[in-house]
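K.L.:
Take this structure, written in structure tokens, and hold onto it; I'll ask about it next.
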Amino acid sequence: MERNWRDVRKDTLEFFREIFTYLVEINLLDMENPIHRVCLFVVFQPRIQKSLDETIASWNLHKVRTAGNKSPHAIFQLSREKAINRGYWTGDPGDPLSTASDPHYGQDPEAPLPPADELQTDPTAADYTEYPDVAAEREAGVVINDDDEVSECREILSGMDFLSDDGNWGIDLYCTAVMRITEHFMG
Numbered sequence: 001m002e003r004n005w006r007d008v009r010k011d012t013l014e015f016f017r018e019i020f021t022y023l024v025e026i027n028l029l030d031m032e033n034p035i036h037r038v039c040l041f042v043v044f045q046p047r048i049q050k051s052l053d054e055t056i057a058s059w060n061l062h063k064v065r066t067a068g069n070k071s072p073h074a075i076f077q078l079s080r081e082k083a084i085n086r087g088y089w090t091g092d093p094g095d096p097l098s099t100a101s102d103p104h105y106g107q108d109p110e111a112p113l114p115p116a117d118e119l120q121t122d123p124t125a126a127d128y129t130e131y132p133d134v135a136a137e138r139e140a141g142v143v144i145n146d147d148d149e150v151s152e153c154r155e156i157l158s159g160m161d162f163l164s165d166d167g168n169w170g171i172d173l174y175c176t177a178v179m180r181i182t183e184h185f186m187g
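Read in full-length UniProt numbering, the sequence shown has 182 at position 182, and its numbers run on one by one without any break.
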């Protein structure tokens, strides 16, 4: 799995990190500017998602040497067919969300605990209750753009195809978005 995360970062996300760094270096992106932040999100989020979706598709179809050169997708389908043919595939998607959402779901109180030194280095779940509202989250740097800002930006930029090829890796679309949003609020 660690190798997979490395590959995702290297093959999927590094490209976008380099674009964002370049935009900062040439003074087209200022993360302190709310217009720049929301335009960056609106323009590049669909591109990043598309890249991640392509990575998933590629992963699901790659050959696994230790599984007879079958892909993860083929392994799943073959195991599903085998389960159906043997009569133990129920089609049951699992526990209901209300059960699976319980914070203690999946914990066995009877199971032995790991060694104390391992418990000390275990990560803890984020405590989202410390921020009473979006303003406090923004102040702490948890939320940078809220849903209302993103929705308003998308409405102003409606009609723009953020996945279109501008011949400049999305940079021209980003600049156009910044200009339109700036004109909307200034003009």
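Where is the CB? At the ideal position from N, CA and C, for every residue including glycine.
#1: Using a Cβ-Cβ cut-off of 8 Å (strictly less than) and excluding sequence neighbours within five positions of residue 149, which residues of its own chain qualify?
#2: Assign residue 261 to one of two classes, buried (16 or more other C-beta atoms within 10 Å of its C-beta) or exposed (fewer than that).
#3: Start and end of the alpha helix (DSSP H) containing residue 31?
#4: Does DSSP classify residue 63 as helix, strand or coil?
#5: Given a threshold of 16 other Cβ atoms within 10 Å of its Cβ, counted over all protein chains shown, does residue 67 qualify as buried or as exposed?
#6: How do the stretch 52-70 and the stretch 5-12 stand: do at least 3 beta-carbon pairs fall below 8 Å, yes or no?
#7: Give me the Cα-Cα distance between residue 30 and residue 140, rounded to the nearest whole angstrom.
#8: The alpha helix (DSSP H) that contains residue 110, what's its start and end?
#9: Three or more beta-carbon pairs under 8 Å between the stretch 153-167 and the stretch 11-20, yes or no?
#10: By alpha-carbon positions, which one of 40, 99, 58 ends up nearest to residue 175?
P.N.:
Working from what's here:
#1: 34, 38
#2: One cannot answer for residue 261 here, as it falls past the ends of the chain, which runs 1 to 187.
#3: Looking at the DSSP string, residue 31 is not in any alpha helix (DSSP H), and its letter there is neither H nor E.
#4: coil
#5: exposed
#6: yes
#7: 18 Å
#8: Per DSSP, residue 110 belongs to no alpha helix (DSSP H) and is neither H nor E.
#9: no
#10: 40
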